[in-house]
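Line order of the protein sequences matches chains F and X. In terms of our numbering, the first sequence opens at residue 351 and continues consecutively. In terms of our numbering, the second sequence opens at residue 351 and continues consecutively. Note that CB positions come from ideal geometry on N, CA and C, so glycine has one too. Here's the structure, in structure tokens; my notes come after.
2 protein chains.
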Amino acid sequence: MSYVAPLKEMLFALTDLAGIDQLAALPGYEDATANTARAVLEEAARLHEDVLAPLNVDGDRSPSTWKDGVVTATAGFKDAFRQFSEGGWQGLQHPSEYGGQDLPKLLSTPCIEMLNAANLSLGLCPLLTDGAIEALLTAGSEELKQRYVPKMISGEWTGTMNLTEPQAGSDLSLVRTRAEPQGDGSYRIFGTKIFITWGEHDMTENIVHLVLARTPAAPEGVKGISLFVVPKFLVNKDGSLGERNDAHCVSIEHKLGIKASPTAVLQFGDHGGAIGQLVGEENRGLEYMFVMMNAARFAVGVQGVAISDRAYQQAVAYAKERVQSRPVDGSAKQPVAIIQHPDVRRMLSTMRALTEGARALAYVSASHCDLAHRHPDGATRANHQAIYEYLVPIVKGWSTEMSLEVTSLGVQVHGGMGFIEETGAAQYYRDARILPIYEGTTAIQANDLVGRKTMRDNGEVAGMLLAQIDAALVAVQAHPSYGSSAAFQAMHRHLSAGREALYSAVRFVVENAKSDPNAACAGSVCYLMLAGIVLAGWQLARSLVLAADKRDEDPAFHDAKIATAHSYATQVLPRAIALEAAVRGARDGEGALALREDQF
Amino acid sequence: MSYVAPLKEMLFALTDLAGIDQLAALPGYEDATANTARAVLEEAARLHEDVLAPLNVDGDRSPSTWKDGVVTATAGFKDAFRQFSEGGWQGLQHPSEYGGQDLPKLLSTPCIEMLNAANLSLGLCPLLTDGAIEALLTAGSEELKQRYVPKMISGEWTGTMNLTEPQAGSDLSLVRTRAEPQGDGSYRIFGTKIFITWGEHDMTENIVHLVLARTPAAPEGVKGISLFVVPKFLVNKDGSLGERNDAHCVSIEHKLGIKASPTAVLQFGDHGGAIGQLVGEENRGLEYMFVMMNAARFAVGVQGVAISDRAYQQAVAYAKERVQSRPVDGSAKQPVAIIQHPDVRRMLSTMRALTEGARALAYVSASHCDLAHRHPDGATRANHQAIYEYLVPIVKGWSTEMSLEVTSLGVQVHGGMGFIEETGAAQYYRDARILPIYEGTTAIQANDLVGRKTMRDNGEVAGMLLAQIDAALVAVQAHPSYGSSAAFQAMHRHLSAGREALYSAVRFVVENAKSDPNAACAGSVCYLMLAGIVLAGWQLARSLVLAADKRDEDPAFHDAKIATAHSYATQVLPRAIALEAAVRGARDGEGALALREDQF
């Protein structure tokens, strides 16, 4: 099953919802117009559709292999990654002084979506490299930046993030990897890291590992973690490759999905110590890692959108082709394509509405990130930064949880064929399952949302977003279509209820996070899901109004937008009320906390 | 990870909720007392825990294999099936005159749960054999019964159901397999059947295929389908095995899950015709097939309970052992077992509450089936039969959809380890995915619920169940605990709202199923899910009252029951409202139907 980049959908979200033209007014983004965006996306689509997408199934059937420490990527991946790099796609959002294109995150986001829709396993390699580049740019010395970043942007080298250890998954305070200073400014690293995505492979001549480790005198816990750059091959002063470093892949995991992406166990220092350089200052590693994690978390959210769209495309194609059963309304005497059956349409509508809502939310978030970086006014920057930071855990958590539902519906649309691996729907279902886990589980995102993003400012940023939802509700109700359009009325009714539910959940969190932290945390994932549903619903409400206003420019396209918003209103938004009840259900050890540890 | 049959939970559901002692008052079920049940379940637990459960992971890693038409089951399966058969477990609910034990369905249900929790892939073989036995008992001549049923009950032979063809999945009107009469009372069968579970294997000396096919003069569509028994080896008059029949396995599928269960493509008649005998009358095949399908559908619902319980057990064990992060309430300075973290408790509570609710609903349904068969009063029988028939699509549809959520949460509890196949959680996630598909997808169940079970009687049976929910609500509110118990209050509040939502959905279906069948069908799955959530909630409300009343007999057990009901009330029941909105969302081509076929 091929992948077709949904360019019109992407451009609508990019232009009409996320407002790319306002970014073009910012210093340094002068070229980032809607026209540039269209050209970039069309170019990206060609590469991802033609080169990366067809390899997706190969990667599943013939995963990366490990032998004697050497990992060989699926046949074709090396060449595809070369084409990706040569096209300049790795450097899209990175600074031009290191070889990047300096484009806004808003423009790189649809490209990341395409990459991951085409090939989630392959897409992880650039995704992690992006994170490593960001960390080096944030905290590295100019020497380190010059040594590593240009080669990573050019795709000659790739990057990895080494956080997890066997005893330290989500809890980095337990990190034990040691870094011993050598007196010459370098360190020797000793330890084991697990779950290292693309931690070893043969696609490039070098791999740049960013590694969390402790120096000898470091304090305990997360305040004693430093960040090191540990290349697979040492890099000489002239930039040429030197000796093989003492960082070796001892195995790769046998996983449920994303099988082409090698998940490595890396052993540092078994043969004398892996040579590493400190990035930034000692003991500030976690802070730097958060920079790359925030970028990676956002990108993983986009992976959720991406795999959902791919699953949706395949399900639609199958539903249009598969003939089975007569229509329930008696409109034909012969079996019809299953897309005509109401429940199949319900499933496809739900898949589509969720995917579009999540895409819109991600793209709008990206534009806040761009405004936070480049707006000339400091207070405006801070405002956009706060909104972006509120949205990141939601984009990550909700879009990925949503992708479980969408890929599962994708299997269901196929009936029995969906369970057969050759069909391909099952691969999306398996691949998606990692998304709510890696780069911080949904619970980790939800804790972040509750603690740093809601409690700390007493719900102020959440309040700003609620005010924007109110504005959208006014626009829906004041629209000339309102009186005669079931879509407008349904959206107004269900988004209003959702808005109240979100407000109530925010108040609950603000009022209880300190006095009853267990209750706030027990409700945190439901709060995150509720926020995702309502905020994506807000975007689809905006989309509804815009589509009605611009309908005559392209009636078919905009009518479908209106119908999708309608579907979202009745099929998805009502869940907000149920989630709000669940958020409030755990106070005083009730509901979700009613069972004590020993009662399980 | 080992499996431990939850005997106390099962006996509570069997005795307190489903009332096994009232069955012992029925003719023929005199032995079916709570004490018998306990003895049977303890015996079953030993076999399933010790013999079948350890093979579950083997079956996933070393699936059944096909070579030159011969299918070899995973090592150990043949011996395990022999022990299962020798223990008499295949015959539990079948008539003693053919070698069965004549026990009520209520008693066989927990045994089926154990079998499938222990080993879903292996469990499918007896499940399909049960269906074949039922069909033969219902429609077969005495000669056919005597020839086949005793050997199937003894486990010497197994049975299969051959419905699906490449062009005929859910839509049996498209069946093309031909049956040509030979003049001697036998037929020659020609055609291809796909998705035949345990359609070929080496565990027994013979396999009894029940095959849907058309005789030469049969009318078109489903009214021209007849049922044939087509053994792998012909059976001589004396019961000994004769020639190999012309029914051959040409391949088995490569599937997402239940890999040890061979899913066969069977070719009938490529070498002159497969010899078959007509079962019952010509052209009544679909009716007979529904007998076995109804039995199988109920059993698949129990599979949903089973795999949920197994996933729950594994997740609890991991959460108690895995140490990570300090508690959010500051109650410890060191990392603690993750079961102490609120979100992990939320996930485990949800898994547990859903599993218990679905178990209770299945067991109560089984007792209605028994009462429908054995109650001396005809009107009472008819009443119980109607309730059972209403519940079957819900037990099948809801329990299996629920198992997707539970097994997914099971992966999530494990974090990154959940995505690694060696952990085992991923197997349940993959295995469960077939449950809402086979034996009729959830949409097929929902159509049945809407059409035959709700519209046809104008919601009368649904009304009887609503009245029982009302009685339970009265019991909750009138209970001495009500004033002081948050669990009682939460249950009353959320079950009341759920009851209203279910009532509203039933009215919507009754009022619209004829005038707007597309709307009724677009909302049908949401109606089914709503019914499942509310009816299981009703059982947990009953469980809450019973547990409070009997608390002193076993405080630890009953307190956990109360807490589980509390969790269900706040975490699960509120979804009913969202589902009700979705049910009503598709009227006049709105909501779920807003997107037309050409707009996807």
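Query raised in the report: Which partner residues does Gln617(X) have in the DSSP bridge list?
Result: On the second sequence, residue 617(X) is found 267 positions in, with the first residue counted as 1. For Gln617(X), which the question treats as bridged, DSSP gives the partners Thr542(X), His598(X).
**Report entry** Buried/exposed call for Val326(X), threshold 16 Cβ in 10 Å
**Finding:** In the structure as shown, chain X begins at 351 and stops at 950. Residue 326(X) is therefore absent and cannot be evaluated.
Query raised in the report: Interface residues of chain X around Cys871(F) at Cβ under 9 Å?
Result: Sequence index remark: in the first sequence, residue 871(F) carries index 521 (1-based). Here the neighbours are Val678, Asp679, His691, Pro692, Asp693, Arg696.
Requested in this report: My understanding is that Met639(X) touches Leu698(X), with C-beta atoms under 8 Å, so please give their C-beta distance in whole angstroms.
Outcome: Here residue 639(X) corresponds to residue number 289 of the second sequence, with the count starting at 1. Here residue 698(X) corresponds to residue number 348 of the second sequence, with the count starting at 1. Incorrect: roughly 40 Å between the Cβ atoms, too far for contact.
Report task. Output, in chain order, the set of chain X residues within a Cβ distance shorter than 8 Å of Asp904(F). Result -> In the first sequence, counting from the first residue as 1, residue 904(F) sits at position 554. Under the 8 Å cutoff, chain X gives no residues; its nearest Cβ is about 13 Å from Asp904(F).
Report task. Starting from the C-beta of Gln532(X), find all residues in its chain whose C-beta is less than 7 Å away, skip the five residues before and the five after it, and write them out in chain order. Result -> The residue given as residue 532(X) occupies position 182 in the second sequence. If we look at Gln532(X) and ignore the five residues flanking it on each side, its Cβ neighbours are Arg538.
Report task. Starting from Leu943(F), find everything on chain X with Cβ-Cβ shorter than 8 Å and list it in chain order. Result -> Position 593 of the first sequence, counting from 1, holds the residue named residue 943(F). Within chain X, the residues near Leu943(F) are Pro692, Arg695, Arg696, Ser699.
Query - Residues that DSSP places opposite Trp416(X) in a beta bridge - result: Reading the second sequence from its first residue, position 66 is the one you call residue 416(X). Beta-bridge pairing links Trp416(X) to Val421(X).
**Report entry** Interface positions of the region 756-767 of chain X facing chain F (Cβ-Cβ less than 9 Å), listed along the chain
**Finding:** Ser758, Val761, Gln762, His764, Gly765, Gly766, Met767
Report task. Could you tell me whether the Cβ of Tyr778(X) comes closer than 8 Å to any Cβ of chain F? Result -> To locate residue 778(X), count along the second sequence from 1; it is residue 428. By this cut-off, Tyr778(X) is not an interface position.
Query raised in the report: So, is the C-beta of Phe640(X) closer than 8 Å to a C-beta in chain F?
Result: Locating residue 640(X) in the second sequence gives position 290, where the first residue counts as 1. It does not: the Cβ of Phe640(X) has no partner Cβ on chain F nearer than 8 Å.
Query raised in the report: Under the rule that 16 or more other beta-carbon atoms within 10 Å means buried, what is Val420(F), buried or exposed?
Result: Walking along the first sequence from the start, residue 420(F) turns up at place 70. Counting Cβ neighbours within 10 Å, Val420(F) comes out exposed, since fewer than 16 surround it.
**Report entry** Contact set between Glu603(F) and chain X, taken where Cβ atoms lie within less than 7 Å
**Finding:** For the purposes of this step, residue 603(F) is taken as the residue at position 253 of the first sequence. Near Glu603(F) (Cβ distances below 7 Å), the residues of chain X are Ile770.
Query raised in the report: Taking Cβ positions only, does Pro830(X) come closer than 8 Å to chain F?
Result: Along the second sequence, one-based indexing puts residue 830(X) at 480. It does not: the Cβ of Pro830(X) has no partner Cβ on chain F nearer than 8 Å.
Query - For Glu637(X), three-class secondary structure by DSSP - result: Stepping through the second sequence from its first residue, residue 637(X) is reached at position 287. Helix, per DSSP.
Requested in this report: With DSSP as the reference, label Ile608(F) as helix, strand or coil.
Outcome: Numbered from its first residue, the first sequence carries residue 608(F) at position 258. DSSP places Ile608(F) in coil when its eight states are reduced to three.
**Report entry** N- and C-terminal bounds of the beta strand (DSSP E) containing Trp748(F)
**Finding:** In the first sequence, the residue the question calls residue 748(F) occupies position 398. Segment 728-763 is the alpha helix (DSSP H) holding Trp748(F); no beta strand (DSSP E) there.
Query - Own chain residues within Cβ distance below 6 Å of Gln517(X), not counting five before or after - result: Within the second sequence, residue 517(X) is the residue found at index 167, counting from 1. For Gln517(X), where only same-chain residues beyond five positions count, the Cβ hits under 6 Å are Leu524.
Report task. Could you tell me which residues DSSP pairs with Trp548(F) in its beta bridges? Result -> Within the first sequence, the letter at position 198 stands for residue 548(F). Note: Trp548(F) sits in no beta bridge, so no partner.
**Report entry** Selection from Ile575(F), Thr527(F), Asp659(F), Thr613(F) that minimises the alpha carbon distance to Thr422(F)
**Finding:** The residue given as residue 422(F) occupies position 72 in the first sequence. Of the candidates Ile575(F), Thr527(F), Asp659(F), Thr613(F), the one whose C-alpha sits nearest the C-alpha of Thr422(F) is Thr613(F).
**Report entry** N- and C-terminal bounds of the beta strand (DSSP E) containing Thr565(F)
**Finding:** On the first sequence, residue 565(F) is found 215 positions in, with the first residue counted as 1. Here Thr565(F) belongs to no beta strand (DSSP E), and DSSP marks it neither H nor E.
Query raised in the report: Is Gln627(X) helix, strand or coil when you go by DSSP?
Result: Here the question's residue 627(X) lines up with position 277 in the second sequence. Strand.
Requested in this report: Please confirm if Val826(X) has its CB atom under 8 Å from at least one CB of chain F.
Outcome: For this step, residue 826(X) is matched to residue 476 along the second sequence. Cβ-Cβ to chain F under 8 Å: no for Val826(X).
Query raised in the report: Can you give the Cα-Cα distance for Lys609(F) and Met360(F), rounded to whole angstroms?
Result: Here residue 609(F) refers to the residue found at position 259 when the first sequence is read from its first residue. Here residue 360(F) refers to the residue found at position 10 when the first sequence is read from its first residue. Going from the Cα of Lys609(F) to the Cα of Met360(F) covers about 28 Å.
**Report entry** chain F contact residues for Ser917(X), given Cβ-Cβ distances below 7 Å
**Finding:** If you number the second sequence from 1, residue 917(X) lands on position 567. In chain order: Gly941, Ala942, Ala944, Leu945.
Query raised in the report: Hey, Ala944(F) and Ala872(F): beta-carbon distance below 8 Å or not?
Result: Your numbering for residue 944(F) matches position 594 in the first sequence. Your numbering for residue 872(F) matches position 522 in the first sequence. No, they are not a contact pair.
Query raised in the report: So what does DSSP say about Thr527(F), is it helix, strand or coil?
Result: Here the question's residue 527(F) lines up with position 177 in the first sequence. Looking at Thr527(F) - three-state DSSP - the assignment turns out to be coil, as it is neither helix nor strand.
Query raised in the report: Which residues, taken in chain order from the region 653-680 of chain F, show a beta carbon closer than 7 Å to some beta carbon of chain X?
Result: Val666, Gln674, Ser675, Val678, Asp679
Query raised in the report: Does the distance from the C-beta atom of Val615(X) to that of Gly490(X) stay below 8 Å?
Result: Taking the second sequence and counting its residues from 1, the one referred to as residue 615(X) is at position 265. Taking the second sequence and counting its residues from 1, the one referred to as residue 490(X) is at position 140. Not a contact, by the Cβ cut-off of 8 Å.
Requested in this report: Scan the region 864-896 of chain F for residues whose Cβ lies nearer than 7 Å to a Cβ of chain X and list them as they occur along the chain.
Outcome: Pro867, Asn868, Cys871, Ala872, Ser874, Val875
Query raised in the report: Taking Cβ-Cβ distances below 7 Å as the criterion, which residues of the region 525-548 of chain F are in contact with chain X?
Result: Closer than 7 Å at the C-beta level to chain X, one finds these residues of the region 525-548 of chain F: Phe545.
**Report entry** Segment contact flag, the region 446-457 of chain F with the region 467-482 of chain F, C-beta cutoff 8 Å, min 3 pairs
**Finding:** no
Query raised in the report: By how many angstroms is the C-alpha of Leu878(F) removed from the C-alpha of Gly801(F)?
Result: On the first sequence, position 451 is the one that residue 801(F) refers to. On the first sequence, position 528 is the one that residue 878(F) refers to. Roughly 12 Å between the two C-alpha positions.
Requested in this report: Can you say whether His604(F) is buried or exposed, counting buried as having 16 or more other CB atoms within 10 angstroms of its CB?
Outcome: Residue numbering aside, residue 604(F) sits at position 254 when the first sequence is read from its first letter. It is exposed - the Cβ of His604(F) has fewer than 16 other Cβ atoms within 10 Å.
Requested in this report: Could you please give the first and the last residue of the uninterrupted beta strand (DSSP E) stretch that includes Met511(F)?
Outcome: The residue given as residue 511(F) occupies position 161 in the first sequence. Element bounds for Met511(F): 507-512.
Report task. Starting from the C-beta of Gln921(X), find all residues in its chain whose C-beta is less than 8 Å away, skip the five residues before and the five after it, and write them out in chain order. Result -> Here the question's residue 921(X) lines up with position 571 in the second sequence. Excluding positions up to five away in sequence, the list reads Arg696, Ser699, Thr700, Ala703.
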